[in-house]
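Quick note, the sequence shown lines up with residues 180 to 412 if you use my numbering. A short worksheet on the structure shown next.
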Amino acid sequence: MKNILIIGAGRFGSFATMKLHDLGHQTLVIDKDENRINRILPYASEARIGDSTDEGFMKTIGVHSYDICLVSIGDDFLSSLQTTFTLSELGAKKVIARATSSRQEKFLLRNGADAVVFPERELGYWTAIRYSSDNIADYVELSDGYAIFEISIPDRWNGKKVGDLDVRRKFHINILGIRSESGNNASYNRFNNSPHKKFQTHEMNMDVRSDTILHHGETLLVLGKHEHIQKFL
C-alpha cells in the first residue's frame, strides 16, 4: 500500500483516485473547488480544500511523506507548473505531472517533475491501435516503442506448435503468455437464474514452451514493437 497525494480533482484526478481506492492505497486529494472535493470524498482517504500554488498551504501537507505526488491539474498549466516546482522544492519523493503537449512536458521536467503523463494522447493512441485491428484486444505501452499486446490467435496458427512458428526470428516478437477460456458447469446462472448454464473463466499460461500447441479462441500476450506487430497481423 502506498500513500499518494493527488492535486486536482477534475476528471483525470478523480478517476485516478477512484482506481487507487479500489487498489487499496491511501490518498489525499487537494483541490480549490469545494464541490469537487465533496464529490471525491467517498473515494479518498482524506480530501482538503486548498490552493496548491500557495507554498504556505503546501508546507502543511507534508509532501515529503508521500510515496507519489500526482499533479492532475488540466485546465491551468501555470498552476500545474508552479505546483510541480513547489512539490520538488518541499522534498517530494516522486512527482508525476499531467501534460497536454511536448512543450508542457519539457517545462514540467525542468521544474521538478520526475515523470509526465499524457492522458488524452495515450487514450487516443490506445483507441487507434485497439480498434484499427480485428486481432488486438488490448495493449500496454512500455518504452522505446515496445508494448505488450493482447491479440487473438490467427487462424493460420491454429493447431501449431509455438516452436514451429519461429515468431521471434520471423516477426521480432516474443510470446509471453496464453490466455484461454474454459467452460464450467453451474447449477444456475447468477445473472438470470436460468438453470444448467455454462459460464466462462479465464486461464493464463505463462509457461509457454516450444512444444506448446496453440488453439483457436485463445489469446496471446505478445511483446514487440508497433511496426512488428502490424507486419505480423
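All residues carry an ideal CB built from backbone N, CA and C; glycine is no exception.
Item to check | First through last residue of the beta strand (DSSP E) which encompasses Leu-207 | outcome: 205-210
Checklist entry - So what does Gly-356 bridge to, in DSSP terms? => result Leu-400
Checklist entry - What are the start and end residues of each continuous alpha helix (DSSP H) run of 4 or more residues lying completely inside the stretch 292-344, in chain order? => result 298-310 and 341-344
Item to check | Inter-residue Cα distance where the pair is Lys-198 and Thr-206 | outcome: 11 Å
Checklist entry - Straight-line CA distance for Ala-278 to Leu-302? => result 13 Å
Checklist entry - Quick one: complete alpha helix (DSSP H) runs, 4+ long, within the stretch 202-282? => result 213-219, 234-238 and 256-268
Checklist entry - Per DSSP, Leu-184 forms a beta bridge with which residues? => result Leu-207 and Cys-248
Next on the checklist: So if DSSP puts Asn-290 in a beta bridge, which residue, or which two residues, is it bridged to?
Outcome noted: Bridge partners of Asn-290: none, in fact.
Checklist entry - Below 8 Å between beta carbons: does that hold for Val-387 and Val-341? => result yes
Item to check | Span of the alpha helix (DSSP H) around Arg-388 | outcome: From DSSP, Arg-388 is part of no alpha helix (DSSP H); its letter is neither H nor E.
Checklist entry - Should Thr-398 and Ser-331 be called a contact, given that it needs their Cβ atoms to be closer than 8 Å? => result yes
Checklist entry - What is the rounded straight-line gap between the Cα of Asp-345 and the Cα of Phe-191? => result 42 Å
Next on the checklist: Tell me which residues share the same chain as Phe-264 and place their Cβ nearer than 8 Å to its Cβ, disregarding the 5 neighbours each side in the sequence.
Outcome noted: Asn-290 and Gly-291
Checklist entry - Would you say Thr-279 touches the ligand GDP, meaning its beta carbon is less than 7 Å from a heavy atom? => result The ligand GDP is absent from the structure shown, which contains no ligand whatsoever.
Checklist entry - In the DSSP assignment, what are the bridge partners of Met-383? => result Arg-358
Next on the checklist: Let me confirm a value: Ser-244 is counted as buried when at least 16 other C-beta atoms fall within 10 Å, else exposed. Which label applies?
Outcome noted: exposed
Checklist entry - What are the partner residues of Ile-392, as DSSP defines its beta bridges? => result Lys-340
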